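K.L.:
Quick note, my numbering runs 1 ahead of the 1-based positions in the sequence shown.
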Amino acid sequence: MDGSQKDKLRGIISSTIIFECSLKKYTSFSIGGPAECLILLDKKDELQPLLRFCSLENLPWHVIGRGTNVLVKDEGFAGVIIVLGKEFKEIHPGESRDGKKRSLMAGAGHSLTRLSALCSDYGFSGLEFGAGIPGTLGGALVMNAGAWGGEMGQIVTEVTIETAAKKIRVTGEQLDFGYRHWQGFAKYKGQGVVTGATLLLESGAPEEIATTCRELLKKRKDRQPVHFPNAGSFFKNPAGESAGRLIDSCGLKGMRVGGAMVSTVHGNFIVNRDHATARDVLNLMDKIKKTVKESKGIDLEPEVHFI
Ligand SMILES: Cc1cc2nc3c(=O)[nH]c(=O)nc-3n(C[C@H](O)[C@H](O)[C@H](O)COP(=O)(O)OP(=O)(O)OC[C@H]3O[C@@H](n4cnc5c(N)ncnc54)[C@H](O)[C@@H]3O)c2cc1C
């Protein structure tokens, strides 16, 4: 990005712009090189001008939530990384038109775990599975995040997406969620930013919802590595199988490449054991895939997105 582009950008964006920003602290893996530019975008009405600027100046851009499901290359990202801030965290609790269900409109920058806790305060049931899933609502929608049999696709009725040119409301069949993937978003990828969503929830007793959330959080802590940075489950579960069990039964727990290691707690977590590089993680990923393919005949597909 040259000086004139930087000046133009400062004219469009009133919130924080960081040039040559290390992405380590913006990802749960704590891995990755710098972004040429990172914008902590607080104002809704600056998003479209920003996307138009990137398009006009031919600058690649990418939006991340909390970076809890991404691996950033060691070379970093030659372009603009957008992180949704303040005005993308608004929430509006309400009810469905017929008054039978509860609805929650929320900005895509809101933390999913926090939303789950707020739902419990409001007596809104359905997002208990989100307790302890780190990341934002936007990231959870794009990933169709889920746990314990629940997933975002089951409770979302409308998503708003903004491109450089327009604001789009996605509803009904267009939503089209799959396993840890939102097919409906594929046509907007690289062009659209998820800015908010409406969730349809049931009415429930706050104490019961809170108890369920606490139990799920405890199960999570008992089963997942908590001491080393990671990006959650690295691979998707193959149909009818558990990626973690497959990796475990191949004896790969504890296997290391450089600073990256297969967690000794959960086979499907690659952890940043000791200053791992993205290259370490990718080499370890290849070894895991190769071993599981040779030993079980199954192709593992990464759940983590690469930037
Ligand atoms: C300890 C741990 C436990 C986890 N447990 C679970 C679990 O139980 N279940 C589960 O499903 N996942 C789990 N994850 C993975 C991860 O937390 C989820 O996928 C989460 O929903 C990602 O949200 P994020 O905001 O961090 O997205 P990011 O990781 O920042 O981004 C993920 C993808 O979404 C895109 N994206 C993010 N925000 C937007 C937006 N506003 N508009 C357009 N695109 C966007 C990014 O470009 C990227 O491609 C876990 C991760 C960790 C570290």
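Just so you know, even glycine gets a beta-carbon here, dropped at the ideal spot from N, CA and C.
These numbers were taken from a predicted model, which means no experiment stands behind them.
Shortest alpha-carbon distance to residue 256 belongs to which of 173, 52, 282?
P.N.:
Closest in alpha carbon position to residue 256, among 173, 52, 282, is 282.
K.L.:
Can you check whether the CB of residue 165 is closer than 7 Å to the CB of residue 52?
P.N.:
yes
K.L.:
Distance cutoff 7 Å, beta carbons only. Does residue 291 sit that close to anything in chain C?
P.N.:
Protein chains in the displayed structure number just one, and chain C is not present.
K.L.:
So the alpha helix (DSSP H) residue 37 belongs to, where does it begin and stop?
P.N.:
No alpha helix (DSSP H) contains residue 37, which is instead part of the beta strand (DSSP E) from 35–42.
K.L.:
To the nearest angstrom, how far is it from the Cα of residue 358 to the Cα of residue 12?
P.N.:
Summary: the structure shown does not reach residue 358, with the chain confined to residues 2 through 308, and so no result is reported for it.
K.L.:
Would you kindly work out how many angstroms separate the C-alpha atoms of residue 168 and residue 248, rounded to a whole number?
P.N.:
43 Å
K.L.:
For the structure I just gave you, are there three or more beta carbon pairs, one from the segment 66–73 and one from the segment 221–238, closer than 8 Å?
P.N.:
yes
K.L.:
Counting pairs of Cβ atoms below 8 Å between the segment 111–125 and the segment 197–215, do you hit three or more?
P.N.:
In short, these stretches touch, since the Cβ pair count reaches three.
K.L.:
Let me check you understand the geometry: is the CB of residue 67 closer than 6 Å to at least one non-hydrogen atom of ligand 1?
P.N.:
yes
K.L.:
Run through the segment 83–144 for me and flag every whole beta strand (DSSP E) of 3 or more residues, listed as ranges in chain order.
P.N.:
92–96, 103–108
K.L.:
What are the start and end residues of the beta strand (DSSP E) that includes residue 54?
P.N.:
Counting along the chain, residue 54 falls outside any beta strand (DSSP E), though it belongs to the alpha helix (DSSP H) covering 48–57.
K.L.:
Here's a check: name, in chain order, each residue in its chain whose Cβ is nearer than 6 Å to the Cβ of residue 272, leaving out the five neighbours to either side.
P.N.:
226, 229, 231, 262, 264
K.L.:
On a CA-only basis, which of 66, 20, 198 is nearest residue 161? Give me that one, please.
P.N.:
When 66, 20, 198 are compared, the shortest CA-CA separation from residue 161 is found for 198.
K.L.:
Using the rule of at least 16 other Cβ atoms within 10 Å of the residue's Cβ for burial, across every protein chain shown, is residue 150 buried or exposed?
P.N.:
exposed
K.L.:
Grab me the residues of residue 30's own chain with a C-beta within less than 7 Å of its C-beta, minus the 5 sequence neighbours each way, in chain order.
P.N.:
Around residue 30: 72, 230, 231, 232, 273.
K.L.:
Say the cut is 6 Å; is the CB of residue 267 nearer than that to a heavy atom of ligand 1?
P.N.:
no
K.L.:
Does the contact criterion of 3 or more C-beta pairs under 8 Å hold for the segment 174–186 versus the segment 96–104?
P.N.:
Judged by Cβ distances under 8 Å, the segment 174–186 makes no contact with the segment 96–104, as fewer than three pairs qualify.
K.L.:
Just to confirm the assignment, what range does the alpha helix (DSSP H) spanning residue 210 have?
P.N.:
That run of the alpha helix (DSSP H) goes 207–224.
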